[in-house]
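Student: Protein sequences appear in the order of chains A, B and C. Numbering-wise (our numbering), the first sequence opens with residue 5 and increments by one. Numbering-wise (our numbering), the second sequence opens with residue 838 and increments by one. Numbering-wise (our numbering), the third sequence opens with residue -1 and increments by one.
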Amino acid sequence: MDFLVSYPLLIVGGYMSSIGAGEIKKRVRIYVIVFVALLALTLVTVTISYLHLGIAAAVIVALLIAATKGSLVASYFMHLISEKKVLYLALIVTAVFLLALVFLPLTAYYDRIGN
Amino acid sequence: MQIPYTVTTRPETGLFNAKLGIWLFLASEVMLFGALFSSYILLRTGAPHWPHGREILNVPLATLNTIILIASSVTMVMSWASLAMKRFDRFRLFMSLTILLGLAFLVIKGFEYGTKFEHGLFPSQSTFLAVYFTLTGLHGLHVIGGIIVNSYHLGLGSKMWKTEPERFANRIEVAGLYWHFVDLVWIFLFPTLYLL
Amino acid sequence: MEQAVTPEDAVHVVGHEESLSFWRKYVFSLDHKVIGIQYLFTSLLFLLFGFTLMMIMRWQLAYPMQPIPLIGGLLGQTNAPEGIMAPEFYNQLGAMHGTIMVFLGIVPLAVGAFGNFILPLQIGAPDMAFPKLNMMSYWSYFLGGVTMLSSFFVPGGAANSGWTSYPPLSDIATFGQTMWLLGMVFLITSSLLGSVNFIVTTMQLRARGMTFMRLPFFVWAEFVTSFLLLLAFPPLEAAAVMQLMDRLGGTSFFLPTGLVVTGQPLSVSGGGSPLLWQHLFWFLAHPEVYVLILPAMGIVAEIIANNTRKPLWGYRSMVYAAIFLGFMSFLVWAHHMFMTGMGTVISTFFQTTTMIISIPSVIILTALLISLWGGSIRFPTPMLFALAFLPMFGIGGLTGLPLGLAPTDIHLHDTYYVIGHFHYVVAPGTILALFGGIYYWFPKVTGRKMNDVLGKIHFWGTLICMNLIFMPMFIEGLAGVSRRLYDGGAQYAHAQGVLHWNVVMSMAAWTLSLFQIPFIINFFVSIKKGKKVPENPWEATTLEWAAPSPPPHGNFLKLPDVYRGPYEYSVPGYEKDFTPQNEPQKV
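(1) Report the neighbours of C:Val343 on chain A: residues whose CB is nearer than 7 Å to its CB, in chain order.
(2) Indicate whether at least one CB of chain C lies closer than 8 Å to the CB of B:Thr912.
(3) Check whether the Cβ atoms of B:Thr900 and A:Val65 lie closer than 8 Å to each other.
(4) Relative to the C-alpha of B:Gly871, which residue among B:Tyr1031, B:Leu1021 and B:Leu1032 is closest?
(5) Beta-carbon within less than 8 Å of C:Met340's beta-carbon, same chain only, minus the 5 sequence neighbours each way: which residues are those?
(6) Contact between the segment 436 to 456 of chain C and the segment 533 to 548 of chain C: three or more CB pairs below 8 Å?
(7) Who are C:Arg446's beta bridge partners in DSSP?
(8) Is there a C-beta anywhere in chain B that falls below 8 Å from the one on A:Gly58?
(9) By the criterion of Cβ-Cβ separation under 7 Å, what are the contact partners of A:Leu105 in chain B?
(10) Counting only C-beta atoms, is B:Trp998 closer than 8 Å to chain A at any point?
(11) For A:Thr46, go through chain C and note every residue whose CB falls closer than 8 Å to its CB, in chain order.
(12) Can you pull the DSSP bridge partners for C:Pro263?
(13) Looking only at DSSP bridge pairs, what is C:Tyr567 linked to?
(14) Compare the C-alpha of C:Ile436 against each of C:Ala294, C:Trp57, C:Glu80 and C:Met63 and name the closest.
(15) Which ranges would you report for the alpha helix (DSSP H) in the segment 50 to 98 of chain C if only whole runs of at least 4 residues count?
(16) Between the C-alpha atoms of B:Leu1014 and B:Leu934, what's the straight-line distance to the nearest angstrom?
(17) With contact counted as at least three CB pairs below 8 Å, one residue from each stretch, are the segment 871 to 891 of chain B and the segment 274 to 287 of chain C in contact?
(18) Leaving out five residues before and five after C:Asn304 in sequence, what residues of the same chain have Cβ atoms less than 6 Å from its Cβ?
(19) Any beta-carbon of chain C closer than 8 Å to the one on A:Phe84?
(20) Taking 8 Å as the limit between beta carbons, can you name the residues of its chain near A:Tyr35, skipping five residues before and five after?
(21) Can you find a C-beta in chain B that's less than 8 Å from the C-beta of C:Thr626?
(22) Using a Cβ cut-off of 9 Å, which residues of the segment 261 to 277 of chain C contact any Cβ in chain B, in chain order?
(23) Can you list, in chain order, the residues of its chain with a C-beta nearer than 8 Å to that of A:Ala112? Leave out the 5 residues immediately preceding and following it.
(24) Thinking C:Thr379 and C:Gly453 are a contact (beta carbons under 8 Å), I'd like their distance in whole angstroms, please.
(25) Might you give, ordered along the chain, the residues of its own chain that have their beta carbon closer than 6 Å to the beta carbon of C:Gly398, omitting 5 neighbours on each side?
(26) From the DSSP output, which residues share a beta bridge with B:Leu852?
(27) What is the DSSP secondary structure of C:Thr413, reduced to helix, strand or coil?
(28) Following the continuous alpha helix (DSSP H) through C:Thr539, name the residue where it begins and the one where it ends.
(29) Counting only Cβ pairs nearer than 8 Å, list the residues of chain B close to A:Lys31.
(30) Could you check the C-alpha separation between B:Leu991 and C:Asp125 for me, to the nearest Å?
(31) Using the three-state DSSP reduction, which class does A:Ile1 fall into: helix, strand or coil?
(32) Could you give the first and the last residue of the continuous alpha helix (DSSP H) run that contains B:Asn895?
(33) Candidates C:Ala299, C:Ala320, C:Ile321 and C:Asn465: which alpha carbon is nearest C:Leu385's?
(34) According to DSSP, C:Ala156 sits in a beta bridge with which residue or residues?
(35) With C-beta atoms as the reference, is C:Gln202 less than 8 Å away from C:Glu542?
(36) For the putative contact between C:Leu228 and C:Lys130, defined by C-beta atoms under 8 Å, what is the C-beta separation to the nearest angstrom?
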């Protein structure tokens, strides 16, 4: 796939001035690599599910693979890796609250009498 | 009266307004789907018996759907990159592909739902099915929303490319962020519901 | 920080005011000021309506099973047979009073009205970042409100499972509950759009020189509040979807196995968890109470700085405390669930975080108190409200402590003590601050001042009546009187000794309504006949006072440059005792 830019013009004023033609070509190459990686990880996660691991192991492996795939999508397709750190702050805070919502109610199960 | 930073980026943040806006919206969506995930975990932990995903759901079909959605994410980002390279024709190609792949996802999902209903497997049957239908249903609604927005940008909305190309490219980037997020949710949904 | 606001790179999204039709100018306006005023009138009407519901309830509480005078016949035979309130109707009134006051009244007023009108002005911006989203946010709120109100007229009446809508009761309740859930979806949508707008506006549209640490505390308060709304509401939306699935789709998200209703086992799959709803609901509802208080603290801070003629004491600490408060607010929710049997491990965690969260609240309150020290204090009506907020919020906050500690909560949970606690924070707390804000910013919105004598009558009457209503609740609660009893505890032996307080509280509530009349008259008459004032009648330093009154479309004839912090009052070496933020430094 050839994506050479035929127009030399770029819009001035902050937008795209940081993204030149060569940069786009590099990014497109990365998109393709990430796509292949995502496909591979999908096949891996499906295959592993047929291995009949114990539930704890299965959950951890599945979530780790999903998290890896998710990070690839977020970092490269969503350009998070080239954004300023201030954006990460909002997302990290969100992640903390999400983990609280997921894990804190589970602590109620620590208290089961006569489980 | 003009609102600053709708097209150019504010130096401190490195963002134009809509990009920050969509990321914040996505943070709220993380909490929305996260709450449903949390509900699933709580209900499953407390359940005396919980079926394995593959006992009830069609894993090969869902794997195909996963690949379809990931591919649509690639075509989406390519449609934005095409605009960055001023290739409006490529943008139309990739955006059309994105929409088609999204529709294919929905068709397969509809087929999945249909077979479930045929066998009397409704959300009211069990908490597993309730969780499955609610999570995938809400995700499906988000896919529909994305398809509608993308179709607008491919159709009527694309007129903006002639008058305000940077603003249009920004819109595609923002639509892309939303679409990738929908893909991201499925990346977690798929193993959780089907493979565990 | 260079700001590139050149015609080519900014977008002209708002129409020319002169050429817009009536509908585009006043009804479907994109101007944050018009939208703010729409929120103001709608929310004040809802507050009045929610208050009216309570005044009707208070008759039943003071004189249980007595026919309601004047309106008893108008309520219909189902709601009030022979004019006597039916228990089912009492439950509807109770659930809707809470829902309306919190979601349709206070938050739209504190955030939608004050935030929308004032925030862009205080940061030196021409409007919000997304004017169209802003408009959609208001109309979504309006639709949610209409949905909620119309639920009174469906078979079975309005929602009646408490504003907290706990299952299994809410799962099997009458149709009004479904409307409550749909109404909440509209309101959550409105809130979401609004919070994105506020955060982006604050981060992206600050004027040149307006760094974060030069922001007025009111802006910080609204900024943190917006994050709370953004991240805390979605789990309630998820829960609402699940409850709708339970009610309409026959699922059992919240229905446990083996549930029996009036002697019959429910034919559902079971396997659900009523506690799951409570986790998701309180995950929102706890940050929600900080949504209720933060804007109020912001308003009080502005009024106090202005009327002491000195900077706020500990501005930096207040900002960090507000941020920490917002963060911690997400980690305390299950202190509303100590009595569910969820266990001591989880209770210990939440008790600890709850104690920790009291610290930033105290820091903010203390800083505001110390700000008074050594000031040249003036006492116009806004300042009276702001000053009263301080001890009232103090009482509200302190009475929360035995509730946040699990052992003492055993005695106090679900009693009138709780009602007294949270009303102190919201009613003589937030509402007093909001009134103060209305008196304070009225001149900016209209170019005229409200009458000070009527203001003082309104203030003293409101303050005294509110204390007479809510203080006895602590007495009743400590005596063990439960909340949500449709006869106010008349049937319980342990309540008999304190029941006379019900009459006191009801009288005070009805008197409170009378004291709102001077406010309503003052408000409307002053719009046309109030004393005309120049653009900065309070001699304040923040940017909104640099705009004309009322500000035109676009707010500032030229976007201001900011040279100094928000509270430069009585700065040595300056002639006036206040130096506006946009006044350049002396050379």
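Quick reminder that beta carbons are idealized off the backbone N, C-alpha and C, glycines included.
Tutor: Once the coordinates are examined:
(1) Correct list: Thr111, Tyr114 and Asp115.
(2) no
(3) no
(4) B:Gly871 has its Cα closest to that of B:Leu1021, out of B:Tyr1031, B:Leu1021 and B:Leu1032.
(5) Leu273 and Ala332
(6) yes
(7) C:Lys530
(8) Taking 8 Å as the threshold, the shortest C-beta distance from A:Gly58 to chain B does not fall below it.
(9) Gly871, Ala872 and Ser875
(10) no
(11) Chain C residues near A:Thr46: none, gap ~26 Å exceeds 8 Å.
(12) C:Val258
(13) The beta-bridge partner set that DSSP reports for C:Tyr567 consists of C:Phe576.
(14) C:Ala294
(15) DSSP runs (the alpha helix (DSSP H)) wholly in the segment 50 to 98 of chain C: 85 to 97.
(16) 17 Å
(17) yes
(18) Within the same chain, C:Asn304 has close Cβ partners Trp536 and Ala538.
(19) Here residue 84 of chain A turns out to be Leu, not Phe, going by the sequence shown. No, because no Cβ of chain C sits closer than 8 Å to the Cβ of A:Leu84.
(20) Excluding sequence neighbours, A:Tyr35 sits near Tyr80 and Phe81.
(21) Outside the shown range of chain C, which is -1 to 585, sits residue 626 of chain C, and nothing can be said about it.
(22) Hits within the stretch, in order: Val266, Ser267, Gly268, Gly269, Gly270, Ser271, Leu273, Leu274 and His277.
(23) none
(24) 3 Å
(25) His419
(26) B:Arg847
(27) Of the three classes helix, strand and coil, the one that applies to C:Thr413 here is strand, per DSSP.
(28) No alpha helix (DSSP H) contains C:Thr539, which DSSP labels as neither H nor E.
(29) Note that residue 31 of chain A is Arg in the sequence shown here, rather than Lys. Ordered by position in chain B, the residues that pass the 8 Å Cβ test against A:Arg31 are Ala918.
(30) In a straight line, the C-alpha of B:Leu991 is about 30 Å away from that of C:Asp125.
(31) Here chain A has residues from 5 to 119 only, and residue 1 of chain A is not among them.
(32) Run containing B:Asn895: none; DSSP gives neither H nor E here.
(33) Closest by alpha carbon: C:Ala299.
(34) C:Gly174
(35) With respect to the 8 Å criterion, C:Gln202 and C:Glu542 are not classified as neighbours on the basis of their beta carbons.
(36) Not quite, the Cβ-Cβ distance comes to about 19 Å (not below 8 Å), so this is no contact.
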